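Student: In full-length UniProt numbering, the protein residues as written are 1 to 326.
Just so it is clear, CB atoms sit at the ideal spot from N, CA and C, and this is done for glycine as well.
Only a predicted model underlies this, so the values are computations on that prediction, with no experimental measurement involved.
Pasting a structure below so you can have a look.
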């Protein structure tokens, strides 16, 4: 019989792996009905999580490296790991990295972890060949989140992804149904071709339904002047799709200050669906960010203990959230 894992229980109960984790470790955060389904599925499958898993992982130290200070989405992924680790004696150590967008050569050739680490999770920034060799030589379990190298090197490292191309496709189909044919894709400048960014995939999905005009801006700069320039003229785009909700909020503020009404003059769509998007009434794509963090932690703990299934890739599904902005 194959080993019963949290993925098996989630499939049996018809819920996400993060919901299984919450039902077991923080039952007050899920409904009684959902918890009953999870408990019933776990019991039927013979799944045991808490005590044994906590004991097996006691004292485990895992480094988590990401551009935390650049993108809030990585904090949300990290919070998913924290929830998953709450009932076990696991220490998570955060390392802040420079955003891959900001540098000409983003491949990290040194492991972003100190001695005494049992595993490493890297989010959003690709490792170079030297770092990958170092992890293998040190027998250091490694898991990626939101990272796609343009040219894979050696054995595939386990990775947790969100289907960003589907996210772009959902936006494109929605805007097309609202009568938009030309849209702006607003994102940061990507200097390197060493990796495939989430924005590249979202743009690819958009192109299946609408024409795309690119506006790229350096991190931390106001995109309003560039947006106003491309939104002039009779054949101007009628919607703006931002690579994340923070950029969408900047665009909304700048266009409103210039006298453009949202969504009457210009529709705006974001990506991520955090508290900012909900507060603004922003149409956006909801990423299962916390769930992706929990999934990565499950993979790394399985690799450390030697009990993990041979899972090399977990791909989660985004959903479109339609609100007032477009």
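Here's a check: name, in chain order, each residue in its chain whose Cβ is nearer than 7 Å to the Cβ of residue 70, leaving out the five neighbours to either side.
Tutor: By 1-based counting over the chain shown, the position of residue 70 is 70. Excluding positions up to five away in sequence, the list reads 99, 219.
Student: If you check the beta carbons only, do residue 267 and residue 325 fall under 8 Å apart?
Tutor: Within the chain shown, the letter at position 267 stands for residue 267. Within the chain shown, the letter at position 325 stands for residue 325. In this structure, residue 325 lies closer than 8 Å to residue 267 by Cβ.
Student: Are residue 162 and residue 292 touching if we call contact CB-CB under 8 Å?
Tutor: For the purposes of this step, residue 162 is identified with residue 162 of the chain shown, where counting begins at 1. For the purposes of this step, residue 292 is identified with residue 292 of the chain shown, where counting begins at 1. Yes, Cβ-Cβ distance for residue 162 and residue 292 is below 8 Å.
Student: Can you give the beta carbon distance from residue 223 to residue 186, rounded, assuming they're within the 8 Å contact cut?
Tutor: By one-based count along the chain shown, residue 223 stands at place 223. By one-based count along the chain shown, residue 186 stands at place 186. That pair is a contact at about 6 Å.
Student: Roughly how many angstroms separate the alpha carbons of residue 89 and residue 319, rounded to a whole number?
Tutor: If you number the chain shown from 1, residue 89 lands on position 89. If you number the chain shown from 1, residue 319 lands on position 319. So the alpha carbons of these two residues sit roughly 34 Å apart.
Student: Pick out whichever of 195, 180, 192 has its Cα sitting closest to the Cα of residue 213.
Tutor: Residue 213 sits at position 213 when you count from the first residue of the chain shown. Among 195, 180, 192, the Cα nearest to that of residue 213 belongs to 180.
Student: Under 8 Å by Cβ, that's how I've got residue 189 and residue 216 pegged, so tell me the actual separation to the nearest angstrom.
Tutor: Looking up residue 189 in the chain shown gives position 189. Looking up residue 216 in the chain shown gives position 216. About 5 Å; that satisfies the 8 Å criterion.
Student: Where does residue 211 land, buried or exposed, given buried means 16+ other C-beta within 10 angstroms?
Tutor: Reading the chain shown from its first residue, position 211 is the one you call residue 211. With fewer than 16 other Cβ atoms within 10 Å, it is exposed.
Student: Among 123, 30, 35, whose alpha-carbon lies nearest the alpha-carbon of residue 13?
Tutor: For the purposes of this step, residue 13 is identified with residue 13 of the chain shown, where counting begins at 1. Of 123, 30, 35, the residue nearest in Cα terms is 35.
Student: Based on the DSSP output, what are the partners of residue 195 in its beta bridges?
Tutor: Working through the chain shown from its first residue, we reach residue 195 at position 195. Answer is 149, bridged to residue 195.
Student: Is the Cβ-Cβ distance between residue 83 and residue 175 less than 8 Å?
Tutor: Along the chain shown, read from residue 1 onward, the residue named residue 83 stands at position 83. Along the chain shown, read from residue 1 onward, the residue named residue 175 stands at position 175. In this structure, residue 175 does not lie closer than 8 Å to residue 83 by Cβ.
Student: With a floor of 4 residues, list each alpha helix (DSSP H) that falls wholly inside the stretch 71-137, ordered by position along the chain.
Tutor: List check, alpha helix (DSSP H) in window: 72-85, 129-137.
Student: Per the DSSP calculation, residue 268 is bridged to which residue(s)?
Tutor: In the chain shown, residue 268 corresponds to position 268, counting from 1. Answer is 240, bridged to residue 268.
Student: If we count the other Cβ atoms within 10 Å of its Cβ and call it buried at 16 or more, is residue 317 buried or exposed?
Tutor: As a working mapping, residue 317 is identified with position 317 in the chain shown. Classification of residue 317: exposed, given that the 10 Å Cβ count is below 16.
Student: Grouping DSSP H, G and I as helix and E and B as strand, with all else coil, what is residue 214?
Tutor: Your numbering for residue 214 matches position 214 in the chain shown. DSSP places residue 214 in strand when its eight states are reduced to three.
Student: Excluding the 5 residues flanking residue 60 on each side, which residues of the same chain have their C-beta closer than 6 Å to its C-beta?
Tutor: In the chain shown, counting from the first residue as 1, residue 60 sits at position 60. Closer than 6 Å at the Cβ level, and outside the excluded window around residue 60, lie 90, 118.
Student: Compute the Euclidean distance between the alpha carbons of residue 15 and residue 68, then round it to the nearest angstrom.
Tutor: Locating residue 15 in the chain shown gives position 15, where the first residue counts as 1. Locating residue 68 in the chain shown gives position 68, where the first residue counts as 1. Rounded to the nearest angstrom, the two C-alpha atoms are 28 Å apart.
Student: Could you check what DSSP says for residue 188 in three-state terms: helix, strand or coil?
Tutor: Against the chain shown, residue 188 aligns to sequence position 188. Strand.
Student: Here's a check: name, in chain order, each residue in its chain whose Cβ is nearer than 6 Å to the Cβ of residue 51, leaving out the five neighbours to either side.
Tutor: As a position in the chain shown, residue 51 is number 51, starting the count at 1. Note on residue 51: pLDDT 42, under 50, position unreliable in the model; the coordinate value appears next. There are no such residues.
Student: Please classify residue 21: is it buried, with 16 or more other beta-carbons within 10 angstroms of its beta-carbon, or exposed?
Tutor: For the purposes of this step, residue 21 is identified with residue 21 of the chain shown, where counting begins at 1. It counts as buried.
Student: Around the Cβ of residue 146, are there at least 16 other Cβ atoms within 10 angstroms (buried) or fewer (exposed)?
Tutor: As a working mapping, residue 146 is identified with position 146 in the chain shown. It is buried - the Cβ of residue 146 has at least 16 other Cβ atoms within 10 Å.
Student: Going by beta carbon distance, what residues of the same chain come within less than 6 Å of residue 272, once the five residues before and after it are set aside?
Tutor: Looking up residue 272 in the chain shown gives position 272. Only 73, 244, 245, 287 meet the Cβ criterion.
Student: Between residue 127 and the rest of its own chain, which residues show a CB-CB distance below 6 Å, the 5 nearest in sequence each way excluded?
Tutor: To locate residue 127, count along the chain shown from 1; it is residue 127. Only 108 meet the Cβ criterion.
Student: Leaving out five residues on either side along the sequence, give the residues of the same chain with a beta carbon under 6 Å from the beta carbon of residue 47.
Tutor: Taking the first residue of the chain shown as position 1, residue 47 is located at position 47. Answer for residue 47: 4, 9, listed in chain order.
Student: I need the boundaries of the beta strand (DSSP E) containing residue 60, first residue and last residue.
Tutor: Position 60 of the chain shown, counting from 1, holds the residue named residue 60. Counting along the chain, the beta strand (DSSP E) containing residue 60 begins and ends at 60-66.
Student: For residue 300, which residues in the same chain have their Cβ closer than 7 Å to its Cβ, ignoring the five residues on either side in sequence?
Tutor: For this step, residue 300 is matched to residue 300 along the chain shown. These residues qualify, in order along the chain: 62, 119, 121, 141, 143.
Student: What is the DSSP secondary structure of residue 284, counted as helix, strand or coil?
Tutor: The count along the chain shown starts at 1 and reaches residue 284 at position 284. Residue state, collapsed to three classes: strand.
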